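In the numbering used here, the protein residues as written are 1 to 229. Glycine included, every Cβ here is placed at the ideal spot set by N, Cα and C. Since we're looking at a predicted model, the values are computed, not measured. So the structure is just underneath, and the comments pick up after that.
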Ligand SMILES: N[C@@H](CCC(=O)N[C@@H](CS)C(=O)NCC(=O)O)C(=O)O
């Protein structure tokens with residue numbers, strides 16, 4: 001059985017990494033058997049034999065695989081049934097989708113929810129998170145980042161426009177059924193969903209409707225995930 005490593009908060013059941021969520025949904029899509037193990041920002045001892053320091057990570061026997069995009073391609077080879085990609089062209093396009101979502105969907109949400117991620121951590125991890133993340137906030141304190149986030153969300157609507165355009169005439173980003181692009185996007189939305197009631201995509205009806213369809217998959221797997229709020 002595969003071992004899947006992801007981040008947790010003060011409560012071990014609260015698993016909020018957007019990149020890990022991408023892979024967790026792909027594992028469900030594949031029906032691949034796996035057990036989950038957690039690390040925290042301050043304690044990555046479970047990953048020690050590999051020398052890796054970010055999740056998601058998958059261990060398959062003696063093989064360790066990191067980086068969500070690389071894991072997705074590895075899963076496709078390891079479990080060819082229930083494809084995530086429709087052929088070699090779709091595989092070749094994976095980095096475009098991955099990078100676009102990282103930059104345009106994930107990155108702008110960080111300042112909107114950083115204070116909520118912080119609140120989901122215990123004292124030791126709050127210290128570690130502050131040390132690594134506050135330098136990215138242009139001199140602001142994590143606790144102050146909730147101020148002004150409504151305006152950030154309004155501006156974020158422009159980032160969602162390309163996704164909305166696809167959803168205009170498709171049920172899923174990948175067409176009639178979910179595949180790689182849907183899980184990349186949904187993993188990114190699970191990050192805020194798990195840690196906060198502030199919803200960065202509340203400004204987009206089509207994205208919210210698509211998210212409901214994604215929540216319905218695998219017996220409500222994502223919808224039923226424990227949240228910090
Ligand atoms: N490009 C990587 C990003 C992975 C990543 O940044 N993971 C974060 C969690 S969302 C992490 O493990 N951070 C550990 C840390 O900051 O110490 C991927 O796609 O897997």
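Whole angstroms are fine: how far does the CA of residue j sit from the CA of residue i?
i	j	result
residue 175	residue 127	43 Å
residue 213	residue 186	10 Å
residue 133	residue 48	23 Å
residue 33	residue 40	23 Å
residue 149	residue 229	18 Å
residue 225	residue 5	16 Å
Can you tell which of the options has its C-alpha closest to the C-alpha of residue i?
i	options	result
residue 223	190, 160, 93, 22	190
residue 208	124, 229, 172, 29	172
residue 153	226, 53, 193, 199	199
residue 113	90, 192, 136	192
residue 122	9, 4, 5	9
residue 51	164, 66, 210, 91	66
residue 22	38, 142, 69	69
residue 94	215, 183, 203	183
residue 38	20, 144, 27	20
With which residues is residue i paired in a DSSP beta bridge?
i	result
residue 4	36, 58
residue 63	60
Which residues in the same chain have their Cβ closer than 6 Å to the Cβ of residue i, if we skip the five residues on either side of it in sequence?
i	result
residue 116	195, 196
residue 91	85
Please work out which residues of its chain come closer than 7 Å, Cβ to Cβ, to residue i, disregarding the five sequence neighbours upstream and downstream, and give them in chain order.
i	result
residue 42	124, 125, 128
residue 105	159, 185, 188
Runs of 4 residues minimum, wholly inside the segment 128–192: which ones carry the alpha helix (DSSP H) assignment? 149–167
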